[in-house]
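Numbering (full-length UniProt numbering), first residue to last: 1 to 67. Glycine included, every Cβ here is placed at the ideal spot set by N, Cα and C. Notes follow the structure.
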């Protein structure tokens, strides 16, 4: 798995987790989903993604988007 696919999988996991936690426990968890969405928009504009840096330090190979 390269960094691009790992970032997409991580973002999807955060979104689904935020939705589940907001539905099951407290609506404030929906803010996690909003944060993930804003971070994805920011990353698409600037090309900077903090999670991509973490995955790179963990030794994952680069993809097209986050090299």
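CA-to-CA distance, residue 21 to residue 14, given in whole angstroms: Using only the alpha carbons, I get a separation of about 10 Å.
Distance between beta carbons of residue 66 and residue 49, contact taken as under 8 Å: The Cβ separation is near 6 Å, so the contact holds.
DSSP-derived helix/strand/coil call for residue 26: In the structure shown, the three-state DSSP call for residue 26 is coil.
Residues of its chain near residue 2, where Cβ-Cβ distance is below 6 Å and the 5 sequence neighbours each way are ignored: So the list reads 61, 63, once near-sequence residues are dropped.
Rounded separation between residue 56 and residue 31 - CA only: Computed Cα separation, rounded: 27 Å.
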